[in-house]
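Heads up: take any position in the sequence shown, counting from 1, add 556, and you land on the working numbering.
So the structure is just underneath, and the comments pick up after that.
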Amino acid sequence: MLDLEAIRADFPILNQQVNGKPLIYFDNAATSQKPRVVVDAIAAYYNTINSNIHRGVHTLSQKATDAYELSRQKIQHFVNAKHSHEIIFTRGTTESINLVAHGFSQLLKKGDEIIISHLEHHSNIVPWQLACEKTGAVLKVIPINEKGELLMDAYEKLLTNNTKVVAINHISNSLGTINPIEEIIEKAHAKGAAVLIDGAQATAHLKIDVQKLNCDFYCSSAHKMYGPTGVGFLYGKEEWLKKLPPYQGGGEMIATVTFDKTTYAELPFKFEAGTPNIEGGIVFASAIDYINSIGLDNIAAYENELLHYATQKLSEIDGIKFYGTANHKTSVIAFNIGDIHPYDIGSIIDKLGIAVRTGHHCTQPIMDFYQIPGTIRASFAFYNTKEEIDELIKAIKRAQIMLK
Ligand code: C6P
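Below you can see the structure in the form of structure tokens.
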């Protein structure tokens with residue numbers, strides 16, 4: 557059982573009125589809110605140890621470097637990576653995927669194949685299209701069924717000896733589907749392909765063990781995990797990170813530079829050119845500590861309860877159609893009401909203090925599959941309550957009457 561009163565008190569932003577109504581924040585899949593410990597850690601960094609890292613002999617720089625590297629270790633343990641140098645700090649999931657796709661652009665050749673799925677966020681589509689354009693590799697897509705689940709038989713047929721990369725999200729941001737990544741990874745490995753898992757929607761909800769999963773790459777963004785924006789991580793197996801060429805050139809990622817030849821730094825620095833988001837990297841650790849203090853098992857159990865409650869309550873609304881009804885899903889609910897445009901409902905309920913996301917959620921192929929312009933998406937976090945869901949139902953009913 558979670559102590560919701562205490563948890564909500566940890567998030568000062570929740571205790572406010574928006575448009576004259578108490579804020580109800582159901583846009584957690586876009587970005588989560590930040591607990592006071594995270595907000596305070598940002599100020600503490602700037603008030604006490606702000607300086608550049610890995611460069612200075614002076615004390616502040618050493619303190620900042622230690623805190624940054626400690627945070628790398630926190631992430632390592634959070635996803636159970638074997639080595640801390642297998643964790644690369646990035647701007648977030650988008651940059652992590654671009655880093656890997658860019659690297660593969662220099663390893664792939666014409667006729668090689670990359671497999672993604674119909675459930676991907678644009679960040680796990682476009683970087684691979686760019687890689688295909690550069691190399692002549694072919695992009696293949698795992699289809700889905702009406703419930704928003706991957707067709708695993710079709711996946712097996714797509715895999716060939718030419719498959720070099722399989723890049724799949726752990727959880728769909730639009731539909732909440734939890735994909736069977738263990739099976740996907742095993743089957744890809746049987747063909748010798750590398751596997752990247754986009755974990756942007758997973759790391760705040762499920763316990764991740766990259767060694768058990770045996771994935772080659774796994775990535776996520778701190779801002780989806782109650783941490784700051786502009787920072788995230790890429791986990792890569794040591795052997796793959798050694799094989800991939802650098803993503804960007806600049807300071808910090810080199811061993812030696814002459815005009816004739818540059819040699820690169822050891823992992824993880826080979827992939828970390830330039831001054832990073834130091835504050836973000838350091839504060840990421842506070843977000844992880846916060847998640848650990850609540851416990852991912854407790855979070856998952858409570859969010860599941862919210863998902864079932866909301867699904868049941870929303871089902872009672874006339875004309876509701878759900879998108880994404882997979883057997884195995886997280887606390888994301890996507891729906892439309894009759895033929896009302898999702899934007900109209902979103903705008904009206906915003907006036908009632910309720911934040912949801914409307915539109916294609918950076919997954920246009922999913923909207924094309926259902927032949928809709930977009931959905932209303934309510935995504936829950938462990939600070940949400942059943943009472944807030946009751947308010948959502950009332951607000952939607954009110955919007956429905958206004959738009960009749
Ligand atoms: N999805 C959403 O509202 P960045 O922007 O780099 O932190 O994460 C990109 C990304 C990649 N993959 C998945 C599965 C995602 O959900 C996201 C971000 C947000 O659904 C913002 S578009």
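From the three backbone atoms N, C-alpha and C, an ideal C-beta is built for every residue, glycine too.
Is residue i close to ligand 1? I mean its beta-carbon at under 6 Å from any heavy atom of the ligand.
{"i": "residue 772", "result": "no"}
{"i": "residue 757", "result": "yes"}
{"i": "residue 585", "result": "yes"}
{"i": "residue 649", "result": "yes"}
{"i": "residue 725", "result": "yes"}
{"i": "residue 674", "result": "no"}
{"i": "residue 916", "result": "no"}
{"i": "residue 559", "result": "no"}
{"i": "residue 677", "result": "yes"}
{"i": "residue 539", "result": "No answer is possible for residue 539: it lies beyond the span of the chain, which begins at 557 and ends at 960."}
{"i": "residue 777", "result": "yes"}
{"i": "residue 735", "result": "no"}
{"i": "residue 729", "result": "yes"}
What's the C-alpha gap between residue i and residue j?
{"i": "residue 639", "j": "residue 710", "result": "35 Å"}
{"i": "residue 795", "j": "residue 857", "result": "36 Å"}
{"i": "residue 844", "j": "residue 760", "result": "9 Å"}
{"i": "residue 691", "j": "residue 663", "result": "9 Å"}
{"i": "residue 865", "j": "residue 942", "result": "7 Å"}
{"i": "residue 793", "j": "residue 893", "result": "45 Å"}
{"i": "residue 914", "j": "residue 817", "result": "50 Å"}
{"i": "residue 787", "j": "residue 907", "result": "32 Å"}
{"i": "residue 779", "j": "residue 571", "result": "20 Å"}
{"i": "residue 672", "j": "residue 679", "result": "11 Å"}
{"i": "residue 912", "j": "residue 615", "result": "45 Å"}
{"i": "residue 809", "j": "residue 826", "result": "4 Å"}
{"i": "residue 642", "j": "residue 667", "result": "30 Å"}
{"i": "residue 746", "j": "residue 952", "result": "48 Å"}
{"i": "residue 802", "j": "residue 720", "result": "19 Å"}
{"i": "residue 969", "j": "residue 568", "result": "For the chain, the structure presents residues 557 to 960; residue 969 sits outside this window and is missing."}
{"i": "residue 715", "j": "residue 694", "result": "12 Å"}
{"i": "residue 955", "j": "residue 877", "result": "16 Å"}
{"i": "residue 946", "j": "residue 867", "result": "11 Å"}
{"i": "residue 743", "j": "residue 712", "result": "7 Å"}
{"i": "residue 644", "j": "residue 677", "result": "21 Å"}
{"i": "residue 688", "j": "residue 923", "result": "24 Å"}
{"i": "residue 768", "j": "residue 741", "result": "11 Å"}
{"i": "residue 708", "j": "residue 700", "result": "9 Å"}
{"i": "residue 575", "j": "residue 651", "result": "35 Å"}
{"i": "residue 661", "j": "residue 577", "result": "50 Å"}
{"i": "residue 822", "j": "residue 783", "result": "28 Å"}
{"i": "residue 658", "j": "residue 726", "result": "21 Å"}
{"i": "residue 573", "j": "residue 855", "result": "26 Å"}
{"i": "residue 582", "j": "residue 591", "result": "16 Å"}
{"i": "residue 588", "j": "residue 910", "result": "15 Å"}
{"i": "residue 724", "j": "residue 730", "result": "14 Å"}
{"i": "residue 766", "j": "residue 649", "result": "16 Å"}
If you follow the beta strand (DSSP E) that residue i is in, where does it begin and where does it stop?
{"i": "residue 648", "result": "Looking at the DSSP string, residue 648 is not in any beta strand (DSSP E), and its letter there is neither H nor E."}
{"i": "residue 750", "result": "750-754"}
{"i": "residue 812", "result": "810-813"}
{"i": "residue 777", "result": "773-777"}
{"i": "residue 913", "result": "913-915"}
{"i": "residue 791", "result": "788-792"}
{"i": "residue 600", "result": "Here residue 600 belongs to no beta strand (DSSP E); instead the alpha helix (DSSP H) covers 592-600."}
{"i": "residue 877", "result": "876-879"}
{"i": "residue 826", "result": "Counting along the chain, residue 826 falls outside any beta strand (DSSP E), and DSSP gives it neither H nor E."}
{"i": "residue 673", "result": "669-673"}
Please report the residue range of the alpha helix (DSSP H) in which residue i lies.
{"i": "residue 952", "result": "942-958"}
{"i": "residue 935", "result": "From DSSP, residue 935 is part of no alpha helix (DSSP H) but of the beta strand (DSSP E) over 931-935."}
{"i": "residue 702", "result": "Run containing residue 702: none; DSSP gives neither H nor E here."}
{"i": "residue 621", "result": "615-634"}
{"i": "residue 888", "result": "Careful: residue 888 lies outside any alpha helix (DSSP H), inside the beta strand (DSSP E) at 888-893."}
{"i": "residue 719", "result": "Run containing residue 719: none in the alpha helix (DSSP H); it sits in the beta strand (DSSP E), 719-725."}
{"i": "residue 742", "result": "737-746"}
Tell me whether residue i, by its Cβ, gets closer than 6 Å to a heavy atom of ligand 2.
{"i": "residue 956", "result": "This structure does not include ligand 2; its bound ligands are ligand 1."}
Would the stretch 557-573 and the stretch 751-764 be scored as touching if the rule is three or more Cβ pairs under 8 Å? no
Answer yes if the stretch 826-839 comes into contact with the stretch 736-745, meaning at least three C-beta pairs across the two stretches below 8 Å, and no otherwise. As far as the Cβ criterion goes, the stretch 736-745 does not touch the stretch 826-839, which means the pair count is below three.
Pairs of beta-carbons, one from the stretch 874-888 and one from the stretch 697-707, closer than 8 Å: are there three or more? yes
Taking three-plus beta-carbon pairs below 8 Å as touching, is the stretch 614-632 in contact with the stretch 835-844? yes
Count Cβ pairs between the stretch 889-905 and the stretch 918-933 that sit closer than 8 Å; are there 3 or more? Taking 8 Å as the limit for Cβ pairs, the verdict is that the stretch 918-933 does touch the stretch 889-905.
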